[in-house]
Each structure stands twice: as C-alpha cells, then as structure tokens.
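Student: Quick note on numbering: the sequence shown equals residues 0 to 286 in my numbering.
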Amino acid sequence: MTGSDHQSIYRQVDWSDNVHVFSTPELEPVPLADGITLWGAAHCAPANTPGFLENFRVDREGIHIGLFHGSAQGDLPFQQDGKVPHAPFTADQIPGSGLHHALVGHFHKPVDAEHHTYPGNPDPLNFGEDWQGSTVLVEIAEDGSVSRERVTVATSEVSDVRVNVTGATHKTQILQRIADEVSEFRGAVRVTLEGEIEPTVDFRLNDTEWSPPAHLTAHLDALVVQFGKVSFAPSYDIERVKQEQTVRGQFVRDVIESDSLSEDQRHWVLRAGLRALDEGIDEMEIL
0 MTGSDHQSIY
10 RQVDWSDNVH
20 VFSTPELEPV
30 PLADGITLWG
40 AAHCAPANTP
50 GFLENFRVDR
60 EGIHIGLFHG
70 SAQGDLPFQQ
80 DGKVPHAPFT
90 ADQIPGSGLH
100 HALVGHFHKP
110 VDAEHHTYPG
120 NPDPLNFGED
130 WQGSTVLVEI
140 AEDGSVSRER
150 VTVATSEVSD
160 VRVNVTGATH
170 KTQILQRIAD
180 EVSEFRGAVR
190 VTLEGEIEPT
200 VDFRLNDTEW
210 SPPAHLTAHL
220 DALVVQFGKV
230 SFAPSYDIER
240 VKQEQTVRGQ
250 FVRDVIESDS
260 LSEDQRHWVL
270 RAGLRALDEG
280 IDEMEIL
C-alpha cells in the first residue's frame, strides 16, 4: 500500500504469493481467512488524492477492514505541524461505508479511535515526540469488533533536555552544565538552554561552538543545542542611566517609552544598546 510520500520502487520486486500490493486509487477487496475481507487502496500521485471512503460501500457479507493512507479530519489538529490532509475522511464514514475498522497511515502520532487506528511511526522521526514507537497487534472478533495491543519496537533513543544556565559567567560553565545534564542519556539529545546569565557570556558564537568537548559527549549519537528563553542578568542601573542628559540617557528613555517592544525585547535592546555605546561592540545580531 503506497502513501503520498512513497515512490514506486516496490514495483521492482517480485513479491511472494502471500504479499498483495494495493496499486489502485479505489478500495479493492482481498479476501482473508474466516470471512474477513481487507479493503485497500494506494496513492497514485504525491498530492490531491481524494478520500477513499467517498461514495464507497462494501458489496458483500462478512467482516470488512480498511487499509489505506489517509487523514482523519478530527485527528488533524493533534498531529505535527505541516501535515497535509491527503485522502481526507471522517470517522463516521468508516461504519457508514460498511467497514468495521480502518487501519490507517499518514499521521505519525498514534491514534486508537473507536473506528480507526493509526500505528504511528515505529521509530522516532524528530525531537519532541511524546510517544513510544510501536507496532499494533490487532485481534478481530466474530462481530467485527477489534482489540489492540501496542508493542514497542523503537530502537532509537531521542530525548529533549532543558539546561538552566542561570548565573553562568562564561561559555565553559555552560558547556559543562550541558555535559553534566546529558551524561546519563543515550542516542540523540536536543538541549534547550534557558535562564539568566551574566553579560560576560559572549552570545555571538556560532551554533556549533555551543557543544561540549567531544570526549564529554562521545556516548551520544548526536547532540543539538538550541536557545530557549535566555536573558541577561541586569548589569546597568537603568534608573540612574535614564536620568543622564547624555546619548545613553536618551537611548534608555526612548526604549522604555516605546510601545512596540515586549518586556523581553526591551531588556535585550537596553542591554545590547548600552554595551554598544559603552564598549563600541556591535551586538545587535543577538536580538
């Protein structure tokens, strides 16, 4: 069964008799044992495949199970950003078409709904996934009802770690905190830095320079470091500077009175601007 992102390399394989490849854009039946019929269809183009359940109705007795790559409309808001509703359907179309249940692909987040099942990706595809990659063992009763057991099959480890950098005065301190936090993890780790650091930390470094020395992370397959909500500890007496009849004072007054800045933006603009005025450092790139 091909999905919206699958190429036709499967056509180059001589499959054994116990394998059936669905290759038509309409649901077609494949009889299974004990009066069960499997109805499957394929995406024959990468986009614009209509819903397989539109104008579909089973034409025989027995138990009927659907197998296709499609988008349950009620599940779309809970899936990852950017998912396009290929071959859309609604949950009530499944029993309405005569199918007892549908086994569906396309969405990566697992769904165990009354009339349909998304197994989800069997191995992690990205950071931030809050589910274990699994396969689904489905048992079909004589009345067509199904019971499901999820069996974890994921072998890759992907973890998210938040590292508090509050109080750090130098890059090496931050790198050591990262190394300490990831020491017990394996696989791929994404580190999000957050907290309040001292202005002495230079944030103009390239992203690749925010990884600890290799010997401290050699146990990992990959390490990604990103910035979350990181701010700088106050290093100026803003109230005092605001009273100055200087360029610095006017700058502070203008920033404080601006209605277009959030509090976080105001903090960063004040810090970068004052350091630039005092030390001649161009720090606007960090905003």
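Quick reminder that beta carbons are idealized off the backbone N, C-alpha and C, glycines included.
Taking 6 Å as the limit between beta carbons, can you name the residues of its chain near V164, skipping five residues before and five after?
Tutor: The residue given as residue 164 occupies position 165 in the sequence shown. Within the same chain, V164 has close Cβ partners I173, L192, G194, I196.
Student: Could you say which of T36, C43, I139, A187 lies nearest to R59 if we only look at CA atoms?
Tutor: Within the sequence shown, the letter at position 60 stands for residue 59. For R59, the nearest C-alpha among the options comes from T36.
Student: Going by the DSSP bridge assignment, what does V20 pair with across the sheet?
Tutor: One-based indexing of the sequence shown puts residue 20 at position 21. DSSP, once it has assigned bridges, lists no residue as partnering V20.
Student: For V12, which of helix, strand or coil comes out of DSSP?
Tutor: Indexing the sequence shown from 1 puts residue 12 at position 13. Three-state result, V12: coil.
Student: What residue ranges within the stretch 138 to 191 form continuous beta strand (DSSP E) runs of no fewer than 3 residues, ordered along the chain?
Tutor: 145 to 151, 157 to 163
Student: Considering P94, what are the terminal residues of the alpha helix (DSSP H) in which it resides?
Tutor: Residue mapping note: residue 94 aligns to position 95 of the sequence shown, counting from 1. Looking at the DSSP string, the run of the alpha helix (DSSP H) that includes P94 is 92 to 95.
Student: Tell me whether the stretch 22 to 38 and the stretch 52 to 70 touch, counting them as touching only if at least three CB pairs, one residue from each stretch, are closer than 8 Å.
Tutor: yes
Student: Assign H107 to one of three DSSP states: helix, strand, or coil.
Tutor: Indexing the sequence shown from 1 puts residue 107 at position 108. In this structure, H107 counts as coil in the three-state DSSP scheme.
Student: Can you tell which of Y235, A232, S70 has the C-alpha that lies nearest to the C-alpha of A101?
Tutor: Translated into the one-based positions of the sequence shown, residue 101 becomes position 102. Of Y235, A232, S70, the residue nearest in Cα terms is S70.
Student: For the beta strand (DSSP E) that contains F67, what are its first and last residues?
Tutor: The residue given as residue 67 occupies position 68 in the sequence shown. In the DSSP assignment, F67 falls within the beta strand (DSSP E) that extends over 62 to 68.
Student: Check this for me: beta carbons of H105 and L124, under 8 Å apart or not?
Tutor: Numbered from 1 along the sequence shown, position 106 holds the residue referred to as residue 105. Numbered from 1 along the sequence shown, position 125 holds the residue referred to as residue 124. It is not a contact, given that the beta carbons lie outside the stated cut-off.
Student: Would you mind giving the Cβ-Cβ distance between R185 and E156, rounded to the nearest angstrom? I have them listed as a contact below 8 Å.
Tutor: Here residue 185 is taken as the residue at index 186 of the sequence shown, counted from 1. Here residue 156 is taken as the residue at index 157 of the sequence shown, counted from 1. With a Cβ gap of about 5 Å, R185 and E156 count as contacting.
Student: Measuring straight from C-alpha to C-alpha, what distance separates T151 and E138?
Tutor: Position 152 of the sequence shown holds residue 151. Position 139 of the sequence shown holds residue 138. In a straight line, the C-alpha of T151 is about 17 Å away from that of E138.
Student: I'd like the ranges of any alpha helix (DSSP H) spanning at least 4 consecutive residues and lying wholly in the stretch 228 to 270.
Tutor: Those alpha helix (DSSP H) runs which fall completely within the stretch 228 to 270 and span 4+ residues are 237 to 242, 246 to 256.
Student: Look up H115 in the DSSP assignment and give the residues it is bridged to.
Tutor: Numbered from 1 along the sequence shown, position 116 holds the residue referred to as residue 115. Beta-bridge pairing links H115 to A101.
Student: Enumerate in chain order the residues of its own chain whose CB-to-CB distance from V160 is below 8 Å, with the five nearest sequence positions on each side excluded.
Tutor: Stepping through the sequence shown from its first residue, residue 160 is reached at position 161. Here the set comprises E180, V181, F184, V188, R189, V190, T191.
Student: Kindly indicate which residue of D201, A41, D33, L136 has the alpha-carbon position closest to the one of R10.
Tutor: Position 11 of the sequence shown, counting from 1, holds the residue named residue 10. Of the candidates D201, A41, D33, L136, A41 places its Cα closest to the Cα of R10.
Student: Relative to the alpha-carbon of T171, which residue among S257, E208, R270 has its alpha-carbon at the smallest distance?
Tutor: By one-based count along the sequence shown, residue 171 stands at place 172. Here the closest residue by C-alpha is E208.
Student: By alpha-carbon positions, which one of D258, W38, V254, L260 ends up nearest to G272?
Tutor: To locate residue 272, count along the sequence shown from 1; it is residue 273. If we check each option's Cα against that of G272, V254 comes out closest.
Student: Nearest to A223 by alpha carbon, out of G39, V246, F126?
Tutor: Taking the first residue of the sequence shown as position 1, residue 223 is located at position 224. The amino acid occupying residue 223 in the given sequence is Val; Ala does not appear at that position. Checked all of G39, V246, F126; the closest Cα to V223 is F126.
Student: Strictly by DSSP, which residues pair up with E195?
Tutor: Position 196 of the sequence shown holds residue 195. For E195, which the question treats as bridged, DSSP gives the partners S230.
Student: Using the three-state DSSP reduction, which class does R27 fall into: helix, strand or coil?
Tutor: Along the sequence shown, read from residue 1 onward, the residue named residue 27 stands at position 28. Note that residue 27 is Glu in the sequence shown here, rather than Arg. Of the three classes helix, strand and coil, the one that applies to E27 here is strand, per DSSP.
Student: In the DSSP assignment, the alpha helix (DSSP H) including L215 goes from what residue to what residue?
Tutor: In the sequence shown, counting from the first residue as 1, residue 215 sits at position 216. Residues 213 to 216.
Student: Compute the distance between the beta-carbons of A86 and G73, then report whether it is under 8 Å.
Tutor: Position 87 of the sequence shown, counted from the start, is the residue given in the question as residue 86. Position 74 of the sequence shown, counted from the start, is the residue given in the question as residue 73. Result no, Cβ atoms of A86 and G73 do not sit closer than 8 Å.
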